[in-house]
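The structure under discussion appears below in the form of structure tokens.
2 protein chains.
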Amino acid sequence: MYEVEVKVAADLDSVAERLDGLGAEHTGDVVQVDTYYDAPHRDFAETDEALRVRRETHDGETEARITYKGPLVEAESKTREEFETGVDDGAVADDIFANLGFTPAATVTKDRSFYRYDGYTITLDVVEDVGEFVEVETETDEDGVETAREGAYDVLRELALDPSEQLRTSYLGLLLGDAQE
Amino acid sequence: MYEVEVKVAADLDSVAERLDGLGAEHTGDVVQVDTYYDAPHRDFAETDEALRVRRETHDGETEARITYKGPLVEAESKTREEFETGVDDGAVADDIFANLGFTPAATVTKDRSFYRYDGYTITLDVVEDVGEFVEVETETDEDGVETAREGAYDVLRELALDPSEQLRTSYLGLLLGDAQE
Chain A
5 MYEVEVKVAA
15 DLDSVAERLD
25 GLGAEHTGDV
35 VQVDTYYDAP
45 HRDFAETDEA
55 LRVRRETHDG
65 ETEARITYKG
75 PLVEAESKTR
85 EEFETGVDDG
95 AVADDIFANL
105 GFTPAATVTK
115 DRSFYRYDGY
125 TITLDVVEDV
135 GEFVEVETET
145 DEDGVETARE
155 GAYDVLRELA
165 LDPSEQLRTS
175 YLGLLLGDAQ
185 E
Chain B
5 MYEVEVKVAA
15 DLDSVAERLD
25 GLGAEHTGDV
35 VQVDTYYDAP
45 HRDFAETDEA
55 LRVRRETHDG
65 ETEARITYKG
75 PLVEAESKTR
85 EEFETGVDDG
95 AVADDIFANL
105 GFTPAATVTK
115 DRSFYRYDGY
125 TITLDVVEDV
135 GEFVEVETET
145 DEDGVETARE
155 GAYDVLRELA
165 LDPSEQLRTS
175 YLGLLLGDAQ
185 E
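Those protein sequence lines, which keep their order, are chains A and B.
For the first sequence, this note's numbering begins at 5 and goes up steadily by one.
For the second sequence, this note's numbering begins at 5 and goes up steadily by one.
Next comes the structure, spelled out in structure tokens:
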């Protein structure tokens, strides 16, 4: 399964208005606190991988997930292979990685509002210490990557956003001050 | 939290009879399939650690857990620090560790019958390709380790088993043919 995702900086109030005008479904809001880990045996910045423990709070309940993101397989749309599973206890997941020699590199905190429109998930993100962004995202198999990316660009245009302003740097990268790729 | 555990080889039919005679409560049966991982950056055999993904099947339902076991903190009773959390999808946990460079080292499959007696969990294990064993186990804080170990020895004696025959090699070690420590 591949995640196709395009992201641009945006003024979220006006994007939310457009989404309402298009009849997009507002599917929920969450707060996500993501701890990214450095590996003891690889430089994830070099290998373009990420290991994350996410806490997500929704309606007062917090769930935790472990996610591994592999290197880009398609640079244009930030397509990566991704493996993610829920865990019963995020603090224990942190303990396990710490004992294996992984070290917390940074924490990204964001308020996210999710919308559903035209087969895509559209996410309005307020990222602490970074800014406001819109992500347009879907999942596809390997053969569908290009079509899915074009569709995501169409959605951005419908929101009066410019696909050519796509950011390919992760929120983690933006937080850490990485240069735009 | 420390796990105090003593283990001896035993004929399980006669141990089960003794447990019945003592009025121990038979609390359940499971099948556990444990995948142990080698690390890319450490030799767990040297560092005396373990990383495991366990699938446990009980009444037709399978659950998965990730466990990290630290080095022995008390050799006499095999006491270790242990971090364990359930995961929603064991196959994804396997994928995450594989992508991080961890490799499956061995699989241990066992049929386990659990009993509760005198504050201890007593486990009758049929370990595939290894043999039959009884484990007597409890959890304690650091100060309670010695008392808990003596109590486990008492339970073994009540089952007509000899604490001096305690095995300190894990099932993984026995399967891989490690020498008794």
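Even for Gly, the Cβ is constructed at its ideal location relative to N, Cα and C.
In this structure the segment 62 to 79 of chain A does not lie against the segment 121 to 137 of chain A, because fewer than three pairs of beta carbons, one per stretch, are closer than 8 Å. Of the candidates B/Arg-22, B/His-45 and B/Leu-179, B/His-45 places its Cα closest to the Cα of A/Phe-106.
Apart from the 5 residues on each side of it in sequence, A/Val-35 sits with its Cβ closer than 6 Å to the Cβ of Thr-61 and Asp-115 in its chain, given in chain order. Annotated three-state conformation of B/Asp-147 is helix, per DSSP. If you draw a straight line from the Cα of A/Leu-163 to the Cα of A/Arg-153, it is about 16 Å long.
Contact between the segment 24 to 39 of chain A and the segment 120 to 127 of chain A is established, with three or more Cβ pairs separated by less than 8 Å. Using a Cβ-Cβ cut-off of 8 Å, B/Leu-176 does not count as an interface residue toward chain A, since no Cβ of chain A sits closer than that to its own. Look at the segment 126 to 180 of chain A and you find these whole runs of alpha helix (DSSP H), each 4 residues long or longer: 149 to 162 and 175 to 179.
For A/Arg-46, the secondary structure class from DSSP, reduced to helix, strand or coil, is coil. In the DSSP annotation of this structure, the continuous segment of the beta strand (DSSP E) that includes A/Gly-74 starts and ends at 65 to 78. Check the Cα spacing between A/Val-10 and each of A/Ala-95, A/Glu-78, A/Asp-147 and A/Ala-43: the tightest is with A/Glu-78. Looking at the DSSP output, A/Arg-22 bridges to nothing.
The alpha-carbon of B/Gly-32 is positioned some 11 Å away from that of B/Ile-126. Per DSSP, reduced to three states, the secondary structure at B/Asp-33 is strand. Shown here, B/Leu-104 sits in coil according to DSSP, grouped into three states, outside any helix or strand. With respect to chain B, the C-beta atom of A/Asp-92 has a partner C-beta closer than 8 Å. Comparing alpha carbon positions, the residue from A/Gln-170, A/Gly-155 and A/Arg-84 closest to A/Tyr-6 is A/Arg-84. Approximately 5 Å separates the beta-carbon atoms of A/Arg-59 and A/Gly-94; this is inside 8 Å, confirming the contact. Bounds of any beta strand (DSSP E) do not take in A/Gly-27, whose DSSP letter is neither H nor E. Setting aside the 5 residues that flank it on each side, A/Val-12 is surrounded in the same chain by Phe-137, Val-138, Leu-160, Leu-165, Asp-166, Pro-167, Glu-169, Gln-170 and Leu-171, each with a C-beta closer than 8 Å to its C-beta; the list follows chain order.
Within a 10 Å sphere around the beta-carbon of B/Asp-47 sit fewer than 16 other beta-carbons, which makes this residue exposed. Restricting attention to B/Asp-52, B/Glu-141, B/Asp-99 and B/Ala-54, the CA atom closest to the CA of B/Gly-155 is found in B/Glu-141. Against A/His-45, the close residues of chain B are Ala-43, Pro-44, His-45, Arg-46, Leu-104 and Gly-105, in the order they occur along the chain (beta-carbon pairs closer than 9 Å).
For B/Asp-17, the secondary structure class from DSSP, reduced to helix, strand or coil, is helix. Close partners of B/Tyr-40 in chain A (Cβ separation under 8 Å) are lacking, with about 14 Å as the shortest Cβ gap.
With respect to B/Val-130, B/Leu-16 sits close: the two C-beta atoms are nearer than 8 Å. In this chain, the beta strand (DSSP E) harbouring A/Gly-90 covers 83 to 91. With 16 or more neighbouring CB atoms inside 10 Å of its own CB, B/Asp-98 falls in the buried class. With respect to chain A, the C-beta atom of B/Val-77 has no partner C-beta closer than 8 Å.
Exposure of A/Glu-50 is indicated by the presence of fewer than 16 other C-beta atoms within 10 angstroms of its C-beta. Around A/Ala-20, the same chain offers Leu-128 as residues with beta carbons nearer than 7 Å, after the five sequence neighbours per side are excluded.
At a cut-off of 8 Å between C-beta atoms, A/Phe-87 counts as an interface residue with respect to chain B. Among the residues of chain A, those whose CB is under 8 Å from the CB of B/Tyr-72 are Asp-99, Ile-100, Asn-103 and Leu-104, following chain order. Between A/Val-35 and chain B, the shortest Cβ-Cβ separation is not below 8 Å. The beta carbon of B/Leu-178 is closer than 8 Å to those of Val-131, Val-134, Gly-135 and Leu-171 in its chain, skipping five residues each way along the sequence.
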